[in-house]
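Here's the structure we're looking at; comments come further down.
Protein chains in written order, with the numbering used here: chain L, 5 to 132; chain B, 23 to 411.
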């Protein structure tokens, strides 16, 4: 109710933030005038993160200058989006097995390209 | 997805002009009925193919609304026209038949509530991690399904005694060189009167994401048997040799060391759902006021069996109390549990819930790790912070 004073809930519904993201947005909204008592901030942050949640991606994938990243963005996203990749929590062996399975299902990557992609996926793991 | 919702027609028109670049193989853009607009409150594990999970705190009622029901798909949602769709039944049957939707509608139907759960629900919790969709708790839901008993159709097709399995194929198309998604249902279960060829969900025709125009509902068994967009049932004297039967949806015969690689001959297919419960309130990380009574709530289920008790702990498992079970219950459905609690001490608390079914089977405290990350059934836990108000 303290939120819909200014805007409708569709602005909330389309967000796909982690708990940290929601905490930041809530702090910004309070700075802009949302009337939320300090004692309730944690409770509301937890509610928002649960209600409009997306699990934090395990990997911080993003376009960068590496060959592996470029290959992932083109050869892998033919079939599925990067969210499916970002959510995996695999070690080097695990990634090798998954990549082999994907190639079996039609992913196009030469041997050296496979090395580049594996390098990228393994190095970018946040290690949580 | 953060993309603003656009109409499906605009998307299809634009993609047609763009050519086949956005399309897999030469299937044609029209084959992709996937709704690319915002997924509402559901957690997006994969936008494409569509894998969406229900946030557990939104599972507040015994019947899950169609808008909140989780969505699992291996490939893209197909666009199927009811007037050109048909269901073929052949193989080990004396009278093979092809059913139109009109013909199906003329057969007697029934409505029953069934809880469906994805075999991979909870995969995100396994340690060491397992590749695949990292479902948490919400790949589960209960709806009232309306349809024709599969047994009636099999009688009509004069199923032969030689039929041991039904191979189930839907109208979804594999990506790249992935194998077609085909499942295999043992005949004893297939002949049970409660297996439904369902065309409605909570009184509404199935949405494309939920299997329009027809899906199977195999009550009490893991969700992958409930094949969506059903187009072909082939009765066979043997199990289907494809990957989604012979390799996937299987667990080791015996418990293995977490992280172990297991050869396929040492695995068995998953059939019925196991006893399990989830806490839906309070949510993990919630802050509670000391001295204010709240109800710890959730759902418990056990596939083809009923729930006998759900025990709840508010002190990390040191002590347990029996929860009250909800009034709504039916075979193959989950049961709500409710446990009023007045936190009297401040601090961080771990709440637990453990279900026991009518066969005496109880949830474990430790996980049975398996290479597919299936059948997570460990006692559920939620951490809350009790503060002085």
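A virtual CB, placed ideally from N, CA and C, is assigned to each residue, including glycine.
Do residue j and residue i count as a contact pair if the criterion is CB distance below 9 Å?
i             : j             : result
residue 85/B  : residue 166/B : yes
residue 92/B  : residue 160/B : yes
residue 153/B : residue 244/B : no
residue 322/B : residue 375/B : yes
residue 90/B  : residue 198/B : no
residue 112/B : residue 179/B : yes
residue 80/L  : residue 110/L : no
residue 320/B : residue 299/B : yes
residue 268/B : residue 155/B : no
residue 347/B : residue 364/B : no
residue 389/B : residue 148/B : yes
Quick check on residue i: buried or exposed, where buried means 16 or more other Cβ atoms within 10 Å of its Cβ?
i             : result
residue 310/B : buried
residue 259/B : exposed
residue 36/L  : exposed
residue 11/L  : exposed
residue 302/B : buried
residue 10/B  : The structure shown has nothing for residue 10/B, since chain B only spans 23 to 411.
residue 235/B : buried
residue 290/B : exposed
residue 387/B : exposed
residue 393/B : buried
residue 31/B  : The predicted model places residue 31/B with a pLDDT of 41, which falls under 50 and marks its position as unreliable, so this point remains unresolved.
residue 95/L  : exposed
residue 97/L  : exposed
If we define contact as Cβ-Cβ less than 9 Å, is residue i a contact residue for chain L?
i             : result
residue 68/B  : yes
residue 199/B : yes
residue 163/B : no
residue 402/B : no
residue 385/B : no
residue 309/B : yes
residue 375/B : no
residue 194/B : no
residue 139/B : no
residue 80/B  : yes
residue 379/B : no
residue 285/B : no
residue 343/B : no
residue 155/B : yes
residue 89/B  : no
Between which two residues does the alpha helix (DSSP H) containing residue i stretch?
i             : result
residue 125/L : 115-127
residue 210/B : 209-212
residue 51/L  : 42-55
residue 26/L  : 23-35
residue 377/B : Premise fails: residue 377/B lies in the beta strand (DSSP E), 369-379, not in any alpha helix (DSSP H).
residue 123/B : 123-127
residue 74/L  : 71-75
residue 268/B : 265-268
Are the C-beta atoms of residue i and some chain B residue less than 9 Å apart?
i             : result
residue 94/L  : yes
residue 56/L  : yes
residue 88/L  : yes
residue 12/L  : no
residue 117/L : no
residue 51/L  : yes
residue 47/L  : yes
residue 85/L  : yes
residue 100/L : no
residue 23/L  : yes
residue 121/L : no
residue 31/L  : no
residue 74/L  : no
residue 91/L  : yes
residue 82/L  : yes
residue 36/L  : no
Ends of the beta strand (DSSP E) at residue i?
i             : result
residue 106/L : No beta strand (DSSP E) holds residue 106/L; the alpha helix (DSSP H) holding it covers 96-108.
residue 169/B : 162-171
residue 138/L : Within the shown structure, residues of chain L are numbered from 5 to 132, placing residue 138/L beyond reach of any answer.
residue 191/B : 187-192
residue 257/B : 252-258
residue 403/B : 402-409
residue 102/B : Per DSSP, residue 102/B belongs to no beta strand (DSSP E) and is neither H nor E.
For my contact list, residue i and residue j are in at a C-beta cut-off of 8 Å; report their separation, rounded to the angstrom.
i             : j             : result
residue 135/B : residue 280/B : Actually they are not in contact, since the Cβ atoms of residue 135/B and residue 280/B sit about 36 Å apart, beyond 8 Å.
residue 193/B : residue 251/B : 4 Å
residue 218/B : residue 249/B : 12 Å between Cβ atoms; not a contact.
residue 209/B : residue 185/B : 5 Å
residue 45/L  : residue 30/L  : 6 Å
residue 77/B  : residue 23/L  : The Cβ separation is near 13 Å, so there is no contact.
residue 377/B : residue 296/B : Their Cβ separation, rounded to whole angstroms, is 10 Å, which puts residue 377/B and residue 296/B out of contact at 8 Å.
residue 318/B : residue 361/B : 4 Å
residue 141/L : residue 76/L  : The displayed coordinates of chain L run from 5 to 132. Any statement about residue 141/L would go beyond what the structure contains.
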